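Report on one structure; see the data block that follows.
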Amino acid sequence: MNDKFYEMIFKRKSFHIFRDLGDETISNDEINEIMNAYEEFNSLNPEIKTAIRIVPSGKTSCKRGEEYCILMFSEKKDGYLQNIGYLGEQLDLFLVFRNIGTLWFGIGKTDEKPFDGMEFVIMIAIRKISDEKKYRKDMFKSKRKPINEIWEGEQIPGVTDIVRFAPSACNSQPWFVKNIDGKLYVYRYKKEGKRGIMPADKVSFYNRIDIGIFLCFLEICFEHNNIGYEKKLYSDDGIYNALTLNAEYDLRSTVLLH
């Protein structure tokens, strides 16, 4: 992954309302650049076909002051939600690098039809940011669960303390990691009876996207810290278990990345 993504983790913020951000607009060249960049991003599962469409704000139900919405489409295959989260977070961080503010807008609707075997999954609202000061000043002041609520076992400096700042639907932070003898087991976590403001029938849907976002953060941190790994993904059918294994990272026998 692009190491610039690591730097953008500290800068990004979710613009719940795009307001007082300056008069600059996203150019046609930037639209083309976004489309081209997406084609170069890594997938969790390259066998799952995905695509994006960038439409003016009036073409969706999002009314947050954005200029455009990026619509994300995918084939509906095992792991497609995690895959979209993983790709979408690379897109999120790339946009921040280009001074374009973002908002994962889960409840957004569009009239765009399915195409080429792919269906609409989620959108990201975007707007040009003229003033760098509008981005996050101190990530560590963001409201996130303490480490002991998301991580069990030996911590990894530069990883454990950073990945907990991954964005998630309604800030639900539905992940838990167990480090057992150098193998990381990443679970989708669901606390019984707790779902925040999300509709009950949508929690599993959005939280599987969130896991993809979290895995993206995890791998960016690994690569930034030159930590090699072998990855294994697991099927997650969305059933409401307390812990559902989604991924395993073996750090024991791998060499440092260069």
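First residue of the sequence shown: 2, per the working numbering; consecutive thereafter. Note that the Cβ used here is the ideal one computed from N, Cα and C, for glycine as well. From a predicted model like this one, the values you see are computed outputs, not experimental measurements.
Selection F141, K191, E31 and L45 evaluated against I240 yields K191 as nearest (Cα-Cα). Runs of beta strand (DSSP E) with 3 or more residues, each lying fully within the segment 142-175, are found at 152-154, listed in chain order.
Taking the CA atoms as reference points, K64 sits about 37 Å from N149. For Y250, the enclosing beta strand (DSSP E) starts and ends at L244 to D251. Counting only runs that start and end inside the segment 76-113, the alpha helix (DSSP H) elements of at least 4 residues fall at 81-98. DSSP links T61 through a beta bridge to T111.
Of the candidates L234, C222 and K134, L234 places its Cα closest to the Cα of Y186.
Minimum Cα-Cα distance from I10 among the listed residues E25, M140, Q174 and V122 corresponds to M140. In the same chain as I18, and ignoring 5 residues on each side of it, the C-beta atoms closer than 8 Å to its own belong to R65 and G66, in chain order.
CA-CA distance, C217 to F121, rounds to 21 Å. Taking C-beta atoms as the reference points, I32 and I53 fail to come closer than 8 Å.
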